[in-house]
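Trainee: Quick one: this structure, given as structure tokens, is what I'll be asking you about.
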Amino acid sequence: MVSNLARFFESAVNAPHKVLGRNLKPFSLLHYLWLEHVESPFVHTDKPISRADVELAVLICSCDSSNAIQARLKSSQSWVSRILAAWFRRKGNLKTDVASFLTYHEDYFCPPEYITKKDGTFYVENIPWLLNLATYIIRETGWSEETVWTMPLGKLFWYDASLRYLKSGEAHIVTDAERAAEEALTAGGAK
């Protein structure tokens, strides 16, 4: 059982991450959007992960803007980049590199545990949740689009939960007592 306080600390307190020799930026909405765009198996978890998938995810997450990502994608076509990638393929271990990338992802993305609606959703269904989250934070804080889209994703969810609580007095976050009661019910039903 991981408390919401522990989930907040996980999202807000981070260590530097290096995968395939690249320093990764804090995992943000921008990174998630690009990983979704390239249909990365780190987002579409039903797909197997290849070495090229790890390299592409690392390339995306080592940038802090769409322009930098596009430039890096374009330069990754160069012969020098292909030689370096081949060297990492020979030198690296796919399982270890995937684990390193997942550790990085989990270090920045540990959102609060929300109570879900009866239909299983929390956000409005007709609006993509990424846009809904960014729009709400921008509207409520006046922060720039760049600030919101490049903020660590887990931290953004915590701001969202806090702002919703300040606005309505309700956060819809599962309490430790509710989680313990649910676990007791589950354990009782498993006998």
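Numbered per the numbering used here, the sequence shown spans residues 17 to 207.
For each residue, glycine too, the CB sits at the ideal point set by N, CA and C.
Remember, predicted model here, so these are calculated numbers, not experimental data.
Around the C-beta of Cys64, are 16 or more other C-beta atoms found within 10 angstroms, so that it is buried, or is it exposed?
Mentor: Residue identity check: residue 64 is Pro in the sequence provided, not Cys. With fewer than 16 other Cβ atoms within 10 Å, it is exposed.
Trainee: With a Cβ-Cβ cutoff of 9 Å, do Asp123 and Val35 count as a contact?
Mentor: Against a cut-off of 9 Å, the Cβ pair of Val35 and Asp123 comes out as no contact.
Trainee: Does the Cβ of Leu149 have 16 or more other Cβ atoms within 10 Å, making it buried, or fewer, making it exposed?
Mentor: Flag for Leu149 reads buried.
Trainee: So Ala22 packs on Leu51, CB below 8 Å; how close in whole Å?
Mentor: Not confirmed; about 25 Å, so no contact.
Trainee: When we look at the beta-carbon of Leu45 and count the other beta-carbons within 10 Å, is it buried (16 or more) or exposed?
Mentor: Buried.
Trainee: Pick from Pro128, Leu147, Thr166 and Leu75: whose alpha carbon is nearest that of Glu26?
Mentor: Cα-wise, what sits closest to Glu26 is Pro128.
Trainee: Using the DSSP secondary-structure output, state which residues sit across from Ser44 in a beta bridge.
Mentor: Note: Ser44 sits in a beta bridge opposite Pro168.
Trainee: For Cys79, I'd like the list of residues in its chain whose CB is within less than 7 Å of its CB, leaving aside the five on either flank, ordered along the chain.
Mentor: Contacts found: Lys41, Ile85 and Arg88.
Trainee: What residue range is occupied by the uninterrupted beta strand (DSSP E) comprising Val35?
Mentor: Taken as a continuous stretch (DSSP letters only), the beta strand (DSSP E) holding Val35 covers His33 to Val35.
Trainee: Under the three-state reduction of DSSP, which class applies to Ile65: helix, strand or coil?
Mentor: Three-state DSSP puts Ile65 in coil, outside helix and strand.
Trainee: Near His121, which residues of its chain fall below 6 Å by C-beta distance, leaving aside the five closest residues on each side in sequence?
Mentor: Counting only Cβ-Cβ distances below 6 Å, and skipping sequence neighbours, we find Phe43.
Trainee: Taking just the CA atoms, how far does Asp69 sit from Pro57?
Mentor: Cα to Cα, the separation comes out at about 7 Å.
Trainee: For Tyr181, which residues of its own chain have a beta-carbon under 6 Å away from its beta-carbon, when the five flanking residues on both sides are left out?
Mentor: The answer, listed in chain order, is Ala187.
Trainee: Using only the alpha-carbon positions, how far apart do Tyr48 and Gly158 sit?
Mentor: Spanning the two alpha carbons is a distance of roughly 22 Å.
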